[in-house]
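Residue numbers (this note's numbering): -7 to 585. Okay, so here's the structure we're looking at.
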């Protein structure tokens, strides 16, 4: 009964704090940490028993990461995958080693392997920064990089922690560590992809929206458990499954299923994330009390606080150096892309398609090639056309990527935000408590992890919005959003109008539309239907449903070109879903009457 009361109170607190945070423009997780701290310091409230870290690692993190993955902007994620992978893997490893060296020097008698384990615990960032950056209106490219980093670096840190734990037991080898890491990622990608693909097909077969949502709640764990059993990273598997399902939802799920998924997962994410941050504040006082009791009181607590602050400073410094090098590399890559002449490539493709000789330029020299280059294409006309079409699609996607890089360059201001947005959070707290009981100085290490996470969240979280405002960063990537929206709507309208020219056009039940009806709709598509024409009204509504399906198919097709942002595509899909549900309700009401 007491546990139930605590859960109910926690949900109420999370709800109220979220509402207040939206009104005062502060991220709710930051307020929940503060509320938890103040509650724990209140004398008449009993101390909360520490939550088993396995509950967070297995019961909370997989659905949280899955929920973020299904909403991941996949197009932008693909474009910046290399810097995201660098932040998620290499930066975590570098930070862990540097922190390990620091802790082994600063804490007498602490083995290097234990220091690296603590470094791995402190290295992963939290997704709270993403919500804060979105709130202050920063570049979507920066948001995508931070979101992608927080999704992937958890697995890197946990695999590194597992390797360091093995080293603590005295059975460490570099080859084994690298093999373990690669195996963990490979197994996770394969299982996560297979689970995502299979569950999409299963959900399309089930059909019922409520049953589909219930099944979606189990998907993160379906991906997590077998992956962990095979020695892989269950968190990466849950992320991969989420990405696959998020990208396939437009093609395989119904509008009702997508809307139900979005609302229900948003609710679960709110409760789980809020609950973890509330627990963070509640448990910190218990961790501090244990350390002060077991050691020399105030002096020991002061030294621990200084060690935690020093560790946080090292984390920020290492991140700043890495991000500086990252931006330098991105600048070189952008200058290399600037030399691409896509118009000339298109001209050459036209010549190749017609079999004419092609003039190529390389290092200022002009060389004439004809048959040797042309013979590389299939001789069969249809196969040749498919090959040229595939090349054109790649060039179109490359052109969209170049426009994206040119419209949203990363400068030192963006780098400053990326550095300061690297806050620690949920994974740090849960991983710290998974250290073996017999680990040297375990209470001290857990305290440092808690202190770094809380100070990082409160200090960086509350100062990030003022920092962004002080830097005065423009929202360049959204400058052409209006024209992109208009262009996408034109494509969808064209797809809808093309349906009217189909001689075999039929309703969803297979019966044909009236030719007179099609002619009138084609001439006066924008005019509202006559409410007195009940039969024709239903037919018009059915026709609009068919057109919406054609628009949705076209939307899925243009997704692969990369010409439009993920946010615009997702919003347009939601609009089509809402229109379809509204029409289906009107048809059902008309039938009942």
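Think of the CB as a built atom: it goes at the ideal place given N, C-alpha and C, for glycine as much as any other residue.
{"Asked": "Check whether residue 147 and residue 60 have beta carbons under 7 Å apart", "Found": "no"}
{"Asked": "Assigned secondary structure, residue 100 (DSSP; H/G/I helix, E/B strand, else coil)", "Found": "coil"}
{"Asked": "Stretch pair the segment 116 to 129 + the segment 403 to 416: three plus CB contacts closer than 8 Å", "Found": "yes"}
{"Asked": "Coil, strand or helix - residue 517 by DSSP", "Found": "Residue placement at residue 517 is poorly supported in this model, since its pLDDT is 49, which falls under 50; the coordinates are not used for a value here."}
{"Asked": "Proximal residues to residue 13 (C-beta, below 7 Å), its chain only, five neighbours per side dropped", "Found": "19, 20, 23"}
{"Asked": "Per-residue burial, residue 478 [other beta carbons within 10 Å of its own, 16 or more giving buried]", "Found": "exposed"}
{"Asked": "Three-state class that DSSP yields for residue 65 in the structure shown", "Found": "coil"}
{"Asked": "Contact the segment 313 to 327 vs the segment 74 to 91: 3+ CB pairs below 8 Å", "Found": "yes"}
{"Asked": "CA nearest to the CA of residue 144, picked from 181, -5, 111", "Found": "181"}
{"Asked": "At least 3 beta-carbon pairs within less than 8 Å: the segment -1 to 13 vs the segment 379 to 387", "Found": "no"}
{"Asked": "Touch test, the segment 550 to 561 against the segment 62 to 72, Cβ-Cβ under 8 Å, three pairs minimum", "Found": "yes"}
{"Asked": "8 Å Cβ shell around residue 30 - same chain, five flanking residues per side excluded", "Found": "273"}
{"Asked": "Exposed unless 16 or more other CB atoms sit within 10 angstroms - verdict on residue 525", "Found": "The pLDDT assigned to residue 525 is 45, lower than 50, so where the model puts this residue is not dependable; a value taken from the coordinates is nonetheless given after this. Looking at its Cβ environment, which holds fewer than 16 other Cβ atoms inside 10 Å, residue 525 is exposed."}
{"Asked": "For residue 179 and residue 219, believed in contact at Cβ under 8 Å, the rounded distance", "Found": "6 Å"}
{"Asked": "When 437, 400, 445 are compared against residue 137, the one with the closest alpha-carbon", "Found": "400"}
{"Asked": "CB of residue 484 within 7 Å of CB of residue 539, strictly", "Found": "no"}
{"Asked": "Proximity winner among 170, 322, 157, 130, relative to residue 464 (alpha-carbon distances)", "Found": "130"}
{"Asked": "Unbroken alpha helix (DSSP H) run spanning residue 464, endpoints", "Found": "Per DSSP, residue 464 belongs to no alpha helix (DSSP H) and is neither H nor E."}
{"Asked": "Counted within 10 angstroms of its Cβ, other Cβ atoms place residue 0 as buried (16 or more) or exposed", "Found": "exposed"}
{"Asked": "Collapsed DSSP secondary structure at residue 386 in the structure displayed", "Found": "helix"}
{"Asked": "Status (buried if at least 16 other CB within 10 Å, exposed otherwise) for residue 91", "Found": "buried"}
{"Asked": "Contact set for residue 426: own chain, Cβ-Cβ below 6 Å, skip 5 residues either direction", "Found": "45"}
{"Asked": "Residues near residue 411 in its chain [Cβ-Cβ closer than 7 Å; skip 5 each side]", "Found": "308, 311, 312, 315"}
{"Asked": "Beta-carbon spacing of residue 159, residue 105 below 7 Å", "Found": "yes"}
{"Asked": "Boundaries (first-last residue) of the alpha helix (DSSP H) holding residue 27", "Found": "20 to 33"}
{"Asked": "CB of residue 402 within 7 Å of CB of residue 319, strictly", "Found": "yes"}
{"Asked": "Buried or exposed (CB count within 10 angstroms, at least 16 for buried), residue 9", "Found": "buried"}
{"Asked": "Rounded straight-line distance, which links the Cα of residue 89 to that of residue 235", "Found": "31 Å"}
{"Asked": "Pick from 487, 4, -3 that is closest to residue 547, judged by C-alpha positions", "Found": "487"}
{"Asked": "Cβ shell of residue -2 (< 7 Å), same chain only, five flanking positions each side left out", "Found": "none"}
{"Asked": "Where residue 522 falls, given that 16 or more other Cβ within 10 Å makes a residue buried", "Found": "With a pLDDT of only 48 at residue 522, under 50, the local geometry of the prediction cannot be trusted, and the value read off the model is given with reservation. Exposed is the call here."}
{"Asked": "Residue 572 (DSSP reduced to helix, strand or coil)", "Found": "helix"}
{"Asked": "Start and end residues, alpha helix (DSSP H) containing residue 239", "Found": "226 to 244"}
{"Asked": "CB of residue 128 within 7 Å of CB of residue 409, strictly", "Found": "no"}
{"Asked": "Residue 145, enclosing alpha helix (DSSP H) - first and last residue", "Found": "132 to 160"}
{"Asked": "Straight-line gap, residue 48 to residue 428 (C-alpha atoms, nearest Å)", "Found": "17 Å"}
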